[in-house]
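Enquirer: Residue numbers (my numbering), protein chains in the order written: chain A, 439 to 895; chain B, 439 to 895; chain C, 439 to 895; chain D, 439 to 895.
In this text, a Cβ means the ideal position worked out from N, Cα and C, and glycines have one as well.
Below: one structure in structure tokens.
There are 4 protein chains.
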Amino acid sequence: MNEKCMELAAQLVPKTFVKVAKDASHSREKQIENLLIHVRKEGWDDISIELLLSQLALMDSNNFMGNCGLGEREARVASSLVARRHYNFGHGIGRSGDLNEPQPKAAGSSLMYKLTNRFLEDLFKLMGIQSTVRCILVPLATGMSLVLSMMALKSSRPGADVVIWSRIDQKSCFKSISSAGCRAIVVDTKRNGDQLETDVEGILKKIKEVGANKVLCVMTTTACFAPRACDNIEEVAKLCKQFDVPHLINNAYGLQDKSVMCRIQKAQRVGRVDLLVQSTDKNLMVPVGGAIIASFDEDLLQTVSKCYPGRASGSPIMDVFITLLHLGKSGYLKLVEERVEKFKLLSEKLREIAAGIGERLLESPQNPISMAMSMSKLPADELRSYGAKLYIRSVSGTRVIDLMEHKIICGQEFKSWGSSTNDYDVPYMTAAAAIGVTDDDIDLFMKRMKKIFGKNQ
Amino acid sequence: MNEKCMELAAQLVPKTFVKVAKDASHSREKQIENLLIHVRKEGWDDISIELLLSQLALMDSNNFMGNCGLGEREARVASSLVARRHYNFGHGIGRSGDLNEPQPKAAGSSLMYKLTNRFLEDLFKLMGIQSTVRCILVPLATGMSLVLSMMALKSSRPGADVVIWSRIDQKSCFKSISSAGCRAIVVDTKRNGDQLETDVEGILKKIKEVGANKVLCVMTTTACFAPRACDNIEEVAKLCKQFDVPHLINNAYGLQDKSVMCRIQKAQRVGRVDLLVQSTDKNLMVPVGGAIIASFDEDLLQTVSKCYPGRASGSPIMDVFITLLHLGKSGYLKLVEERVEKFKLLSEKLREIAAGIGERLLESPQNPISMAMSMSKLPADELRSYGAKLYIRSVSGTRVIDLMEHKIICGQEFKSWGSSTNDYDVPYMTAAAAIGVTDDDIDLFMKRMKKIFGKNQ
Amino acid sequence: MNEKCMELAAQLVPKTFVKVAKDASHSREKQIENLLIHVRKEGWDDISIELLLSQLALMDSNNFMGNCGLGEREARVASSLVARRHYNFGHGIGRSGDLNEPQPKAAGSSLMYKLTNRFLEDLFKLMGIQSTVRCILVPLATGMSLVLSMMALKSSRPGADVVIWSRIDQKSCFKSISSAGCRAIVVDTKRNGDQLETDVEGILKKIKEVGANKVLCVMTTTACFAPRACDNIEEVAKLCKQFDVPHLINNAYGLQDKSVMCRIQKAQRVGRVDLLVQSTDKNLMVPVGGAIIASFDEDLLQTVSKCYPGRASGSPIMDVFITLLHLGKSGYLKLVEERVEKFKLLSEKLREIAAGIGERLLESPQNPISMAMSMSKLPADELRSYGAKLYIRSVSGTRVIDLMEHKIICGQEFKSWGSSTNDYDVPYMTAAAAIGVTDDDIDLFMKRMKKIFGKNQ
Amino acid sequence: MNEKCMELAAQLVPKTFVKVAKDASHSREKQIENLLIHVRKEGWDDISIELLLSQLALMDSNNFMGNCGLGEREARVASSLVARRHYNFGHGIGRSGDLNEPQPKAAGSSLMYKLTNRFLEDLFKLMGIQSTVRCILVPLATGMSLVLSMMALKSSRPGADVVIWSRIDQKSCFKSISSAGCRAIVVDTKRNGDQLETDVEGILKKIKEVGANKVLCVMTTTACFAPRACDNIEEVAKLCKQFDVPHLINNAYGLQDKSVMCRIQKAQRVGRVDLLVQSTDKNLMVPVGGAIIASFDEDLLQTVSKCYPGRASGSPIMDVFITLLHLGKSGYLKLVEERVEKFKLLSEKLREIAAGIGERLLESPQNPISMAMSMSKLPADELRSYGAKLYIRSVSGTRVIDLMEHKIICGQEFKSWGSSTNDYDVPYMTAAAAIGVTDDDIDLFMKRMKKIFGKNQ
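Have a look at this one:
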């Protein structure tokens with residue numbers, strides 16, 4: 439309520455009461471001011487968040503009193519349930535040519551988008567990126583965001599259509615290459631002890647073979663299932679710099695881990711890093727549907743933004759906006775630190791279980807999120823049934839890799855699909871301690887593991 | 439509440455009361471049963487919709503009591519505001535390889551997606567498509583859906599990368615071609631009276647020039663700003679059939695109009711139609727963010743679905759799911775019929791205004807949604823200021839085309855950008871009567887038009 | 439967002455967009471200003487209502503940022519579901535001594551209460567009360583509000599404890615008299631044709647018998663089940679004036695009918711009317727839980743307000759506040775007028791049904807809401823089973839009066855309970871066309887009536 | 439979804455996925471079953487709570503599909519915002535004659551009410567009541583609930599209308615006596631050290647003076663502002679037993695403290711306790727508006743329930759229902775234990791502050807919730823300004839008692855209003871550590887106290 443309303447209110451309710459209320463409402467306004475001038479640390483309460491959302495929504499034309507819409511797209515919403523769940527936003531984000539361009543019909547949506555991207559840049563700093571980085575949140579999941587990134591690289595690198603890819607067995611990651619109209623050259627990982635590591639030599643060899651000017655980019659991956667390690671992004675970055683080849687990092691769930699982010703920072707310092715793609719749901723605990731594309735090169739990021747033809751859903755943006763306001767920097771850091779503890783806890787517990795059944799935790803020191811327990815004592819053809827047993831007992835997210843799955847994706851053959859290499863010899867099960875995992879998750883998991891593997895003890 | 443709960447309830451509240459309540463709850467269950475066996479006509483009340491949503495959400499693993507998540511993506515949601523606005527869904531849709539593949543962690547989400555696609559197929563029938571058609575709802579807006587469609591065509595048509603495009607001046611539509619890694623050949627529209635029509639001859643000529651096997655597809659557009667007409671999709675379909683070239687129809691907001699849909703049906707009968715892309719926000723009154731890709735060829739649609747690498751946001755699916763339940767078939771038909779009336783009303787009113795200021799409504803009989811009023815009497819250099827005047831008076835969606843904008847997009851030059859042709863000679867203003875437009879919209883518009891153009895009367 | 443925030447926003451989003459948004463947000467503020475200076479006619483949209491609620495809530499201390507609560511009652515709310523459903527209001531209304539006194543910790547709640555009472559006064563005018571009337575909304579249903587009214591009368595009329603009561607067979611109405619610590623003298627209604635009317639002579643006789651100074655009040659009732667008529671409140675008002683006895687009108691659901699309200703106005707002009715009690719759920723379509731106590735005497739109403747010891751629930755106030763904003767005056771009038779039409783429709787339809795089974799509609803011209811159909815041809819001992827049949831077929835609200843129920847309530851014997859008289863001879867069934875009744879209600883009712891009484895046709 | 443729906447779902451989504459989902463949905467049903475057979479310990483998540491609410495709401499006739507309402511009260515709700523905030527409940531609770539009687543139109547509401555009362559009985563046990571106790575939740579705040587309690591006592595004790603009242607300076611408490619049509623005899627508290635204690639002798643004297651059969655009840659108070667102590671309810675209970683006089687305990691915010699509840703249990707064992715009244719907002723962290731009336735005598739409680747004429751708001755019931763499900767027993771106990779810690783913390787901190795300004799904490803060992811700091815060094819006429827200073831700095835709930843307020847309420851004169859005695863000589867300020875108080879509250883309070891009293895240090 440504005441000054442005038444407060445005066446009028448003071449005719450109905452004692453002046454002193456209204457005075458106190460007015461002071462309090464100024465604090466809320468101050469909070470928004472601070473947000474706009476970029477001061478934010480602690481999380482906001484839900485009242486403040488919803489108040490801001492409603493005020494932003496009122497800046498969009500579909501919520502103007504007396505707006506009349508004579509276009510083909512006026513953000514009219516048929517169901518009040520739908521309008522409500524979008525806090526009355528309807529225009530999405532972007533303008534025909536550019537995701538990041540403000541939309542004249544939707545100043546509020548546009549502002550929300552700008553702020554969200556700014557919050558994300560803050561978050562990168564918080565997690566260890568010291569160089570200036572730019573972020574755009576795209577309403578696409580990781581795979582499609584990799585496609586968009588490659589499209590952008592293509593537009594500035596005509597004739598180059600080969601992607602040299604350090605193998606990581608996530609289907610959507612590999613498929614993104616052909617979706618982007620490129621040809622993948624797979625460089626298998628190399629075993630070192632239990633751990634699977636980047637074959638930097640292999641990549642070098644391939645760059646030379648193909649010819650650097652034909653290479654659209656080298657694609658590496660940070661966060662992945664153990665025993666594969668985070669790629670050696672520093673050395674790959676050096677190669678990329680040396681050969682003037684773009685370096686695209688699939689950092690799908692690496693944003694939640696400081697060690698990964700520090701390696702990215704280092705890679706940028708010692709070599710070349712062009713684009714980073716990270717999932718919002720995996721890192722920020724929002725529903726599936728968004729990704730952050732980040733770059734140290736503002737122009738390149740703008741190219742990405744302009745590659746997206748047309749407007750896009752504002753829903754994943756709103757989720758991130760709300761979540762980052764809710765958590766604040768301090769809240770996110772707390773989650774990040776807790777995750778590290780849970781990772782240790784899960785390792786210990788799983789190590790115990792493994793010991794009890796004559797198995798062991800594979801050593802993958804360069805994987806800070808996922809871990810793998812060997813399954814070498816069980817009959818090979820029964821391994822998958824253990825996965826099924828876990829599934830029907832509501833354990834989600836673990837994977838059994840029996841090394842027996844051979845797969846052809848987009849014409850490329852993969853042996854031992856799931857392991858990220860053609861020749862690993864220890865079947866295993868993976869589990870991850872990702873952001874938001876709780877003691878309860880770990881306890882329940884242990885109980886069920888004991889039940890299922892009990893007979894082997 | 440199940441049978442057992444009802445019995446227990448009857449120990450606390452009189453049996454007869456519980457009996458009546460139980461009968462009533464059976465009606466709700468029956469309603470869901472009917473939905474699953476594909477009986478649906480009238481709209482549902484919000485209670486029923488929310489009940490169904492909550493029951494579907496409980497089928498997703500993140501809402502299982504006692505679920506423990508040890509993966510990197512467990513649909514944990516940090517903010518309760520976010521969880522609430524997604525009705526506790528978090529897993530999105532799709533599985534790494536395929537948008538349309540059920541997700542083991544999310545039976546409820548998967549079911550919602552299947553049902554939504556089925557509802558959409560119903561809707562196509564309702565609007566006049568008699569042939570069997572398959573739909574998938576993608577959480578991408580129109581432009582990106584065109585990209586996805588072209589990607590799918592490419593995968594089955596190696597070597598073809600030319601898109602012959604009947605000019606329509608929507609930036610995102612044109613950009614989608616280069617985003618898909620294709621080369622556009624623009625065929626300007628032809629003037630016939632006031633109306634701008636498809637240059638079928640021109641298209642034929644280009645197919646021959648390029649060579650049919652190099653042509654990825656011909657892209658036509660149905661719904662557009664007047665005085666451009668709906669493309670002559672029947673004739674283009676014939677050409678496509680004759681030359682064995684795919685035909686991609688940008689039907690962005692044509693689903694709302696039966697005459698357009700009948701022309702699509704006819705085009706399919708007499709020729710070739712491969713993929714249809716329609717916006718959900720423009721046709722179904724949901725927030726921006728989704729599109730329906732439809733095809734008469736189930737395999738091709740599956741290819742599209744498999745082209746999308748990874749999971750995707752479930753939010754646009756939920757919006758459409760809710761909206762179609764809310765409206766029912768009868769509700770949608772009512773909106774469609776009202777729109778036709780409003781179109782007539784708007785035409786009449788605008789014709790009057792035009793007459794009053796010495797202008798006229800351009801004749802574009804084959805455009806059932808948009809209309810254009812000439813602006814030939816006003817100084818050419820002032821025309822744009824009229825657009826601004828409307829904008830600041832909360833009139834949204836009208837466009838002033840002064841024929842003076844020359845634009846280069848992705849290397850292609852367009853004269854008179856906005857008019858869909860290089861040589862139109864009457865500047866004009868467009869207005870559309872799209873689904874959901876109200877009498878109030880039209881009244882307010884007329885008042886403001888009179889105010890702004892009053893001095894010219 | 440304040441001026442400052444808008445300026446800051448204009449650094450992130452183009453100035454012109456922000457300008458348009460700012461103008462639009464002024465319209466919303468203007469709307470609130472108008473409300474506070476008492477201009478209100480059309481209903482508000484939900485966005486505006488929720489915005490106002492959130493702004494009012496922020497005026498309560500429990501929502502102050504930095505509030506610290508060191509009392510025993512600080513409106514802390516444990517469950518976020520509860521907080522949300524009360525829009526973060528928690529302090530209720532009133533202050534220890536007085537319902538209507540502003541609460542220092544809750545300027546927003548207090549303001550909402552003041553405004554609601556003002557809206558109600560408007561509504562009385564709208565429905566036909568021309569004299570100045572004051573209203574307070576109490577979070578008590580009708581029965582308890584009658585108790586509160588009698589308590590207030592007692593405080594200013596020591597020694598008087600007899601309530602002369604024109605019989606109306608609603609249990610809570612009669613019980614309210616003894617709950618208030620008073621003694622009831624029942625004056626049976628008089629039959630006139632089919633209709634049951636006030637025995638004005640009988641009331642006069644009782645006043646004389648008891649002695650006017652011993653009479654706390656005469657209690658009459660307006661809205662009731664047919665064939666009882668609205669009491670002859672004008673004549674009773676004259677008696678009350680003549681004998682200087684207070685007149686309490688149980689106007690439970692009379693506010694929705696202009697003819698009843700005009701009779702109240704007339705009664706006030708020609709005689710004495712002290713307090714009027716009307717249910718909010720019955721008249722305003724909100725959940726059960728509130729009543730409006732109205733008076734032409736401001737001081738008396740203040741006495742009522744001061745009789746309520748302590749604070750009270752703000753929930754029924756919020757319901758009425760939202761509803762009156764939602765409907766606006768025009769929306770309420772529309773409902774009122776539709777109700778009159780539905781009453782006619784229901785009468786006609788029921789008359790037909792009655793004719794078909796050899797029964798008839800009883801004539802009760804002075805009951806504008808309820809009607810009764812004779813049930814004289816059916817075996818007396820089966821009559822109730824017809825009520826049960828309707829109940830299990832989801833017909834709610836009808837009543838079968840078989841004239842065979844004799845009841846003792848608070849020591850008083852009533853013959854033919856339900857009929858409001860000791861000697862009616864035609865059993866009957868009542869049905870009402872109250873505010874909000876729809877064509878669907880009437881259609882469904884008719885279908886089920888035909889099914890149930892079909893065999894008698 | 440029922441069995442049938444699950445089968446149908448399995449035709450759209452793989453059987454195994456549906457199987458897992460079905461198992462999970464059984465867990466939710468089991469949870470409800472357990473609730474109905476009275477097993478409940480841990481709090482529920484919001485999804486479960488809302489699911490239960492929606493299932494209960496569907497048991498009420500207004501939510502039946504195909505219900506037709508022909509009565510005057512059909513729980514139709516005009517505003518969807520209102521319907522939503524009540525989870526589609528509308529019928530309130532109770533039936534004309536009795537709050538606790540199930541309502542035929544509203545099996546779900548009735549069931550919710552029964553369950554809530556049962557939960558409350560559990561809570562009494564949890565807090566230390568071993569004897570069988572019955573509870574009803576009334577949608578009235580404390581003052582009005584005291585009135586209702588006295589009404590009930592009156593109905594079984596004709597001729598008795600004197601309430602002997604151990605003075606406690608809460609206006610609504612005292613006013614409740616005259617609102618109930620009774621006469622209060624005030625027995626001042628006695629000073630013992632700093633603490634104000636029950637004058638048991640004085641009460642005895644008054645019983646004898648008035649004559650036991652004229653005494654409606656003795657009213658004592660447990661929770662109050664320091665330095666007044668919890669009344670000596672054990673000794674009073676003995677007197678009441680001896681003289682056969684009812685004992686009504688105003689236990690407004692005593693339910694949150696185990697020591698108070700144990701004293702009540704003891705009082706019941708050694709003497710007589712008839713009715714206990716406790717506020718829901720003060721004890722259960724819900725919005726103002728409800729109270730729990732409890733009794734060891736089931737018949738008496740039924741009399742109370744029958745004294746309430748008519749239906750009543752279900753809103754305060756829903757708040758308590760949700761909150762108790764949300765917290766579970768364990769959650770409530772946690773809050774209770776934390777409160778005890780915060781009480782200690784607040785005492786220490788306030789003691790320090792007091793020492794710093796030459797004041798001290800008054801010793802009131804029998805008050806477990808509130809505490810008082812002397813204000814003897816400040817000019818008497820400035821004391822109130824300190825209250826105002828705290829108020830405008832968003833400190834709520836503290837009270838400054840300068841001993842200078844003389845007040846007449848309902849004809850009774852009180853000296854030193856606020857202190858609960860006529861002759862205390864140390865002015866003071868009170869602060870309470872009530873349920874839900876946080877470290878933040880205490881920190882902020884201390885900061886502001888230091889600021890305000892700084893100059894005196």
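(1) Between A/I641 and chain B, is there a C-beta pair that is closer than 9 Å?
(2) What residues in the stretch 488-517 of chain B bring their beta carbon closer than 9 Å to a beta carbon of chain D?
(3) Residues of chain C with a CB under 9 Å from the CB of A/S548: which are they?
(4) Quick check: the Cα distance between C/R514 and D/E843, rounded to an integer number of angstroms?
(5) State the start and end residues of the unbroken alpha helix (DSSP H) segment that holds C/H464.
(6) List the endpoints of the continuous beta strand (DSSP E) containing B/H685.
(7) Under 9 Å Cβ-Cβ, which residues of chain A neighbour D/Y426?
(8) By Cβ distance, which residues of its chain are closer than 6 Å to C/K543, with the 5 residues on each side in sequence left out?
(9) For A/C620, does the three-state DSSP call read helix, strand or coil?
(10) D/D757 to A/G769, Cα distance in whole Å?
(11) Would you grab the beta carbon distance between A/Y691 and A/A872 for me? Rounded to a whole angstrom, and I think it's under 8 Å.
(12) Can you grab the Cα-Cα spacing for the pair A/E441 / A/G581, in whole Å?
(13) Counting C-beta neighbours from all protein chains within 10 Å, is the total for A/K720 16 or more, i.e. buried, or is it exposed?
(14) Let me check one thing: in DSSP terms, what residues is C/R533 bridge-paired to?
(15) Does any residue of chain D have a CB that is nearer than 9 Å to the CB of C/E445?
(16) In chain B, what lies closer than 9 Å to D/N440 by C-beta?
(17) Exposed or buried, what is A/A705 when buried is set at 16 or more other beta-carbons lying within 10 Å of its beta-carbon?
(18) By the three-class DSSP mapping on this structure, what secondary structure does A/T659 have?
(19) Please name the residue or residues paired with B/L799 in a DSSP beta bridge.
(20) Give the residues of chain B in contact with D/K552, contact being defined as C-beta atoms less than 8 Å apart.
(21) What is the DSSP secondary structure of D/G728, counted as helix, strand or coil?
(22) Among all the DSSP beta bridges, which residues are the ones paired with D/F852?
Expert: Quick look at the numbers:
(1) no
(2) E488, L489, L490, S492, Q493, L494, A495, L496, M497, D498, S499, N501, F502, M503, G504, N505
(3) L450, V451, P452, F455
(4) 30 Å
(5) 453-474
(6) 685-688
(7) An answer regarding residue 426 of chain D cannot be provided, because it is not within the stretch 439 to 895 covered by chain D.
(8) S499, H529
(9) coil
(10) 29 Å
(11) 6 Å
(12) 50 Å
(13) buried
(14) C/D536
(15) no
(16) N440, H464, E467, I470, E471
(17) buried
(18) strand
(19) B/M811
(20) L450, V451
(21) coil
(22) D/K845
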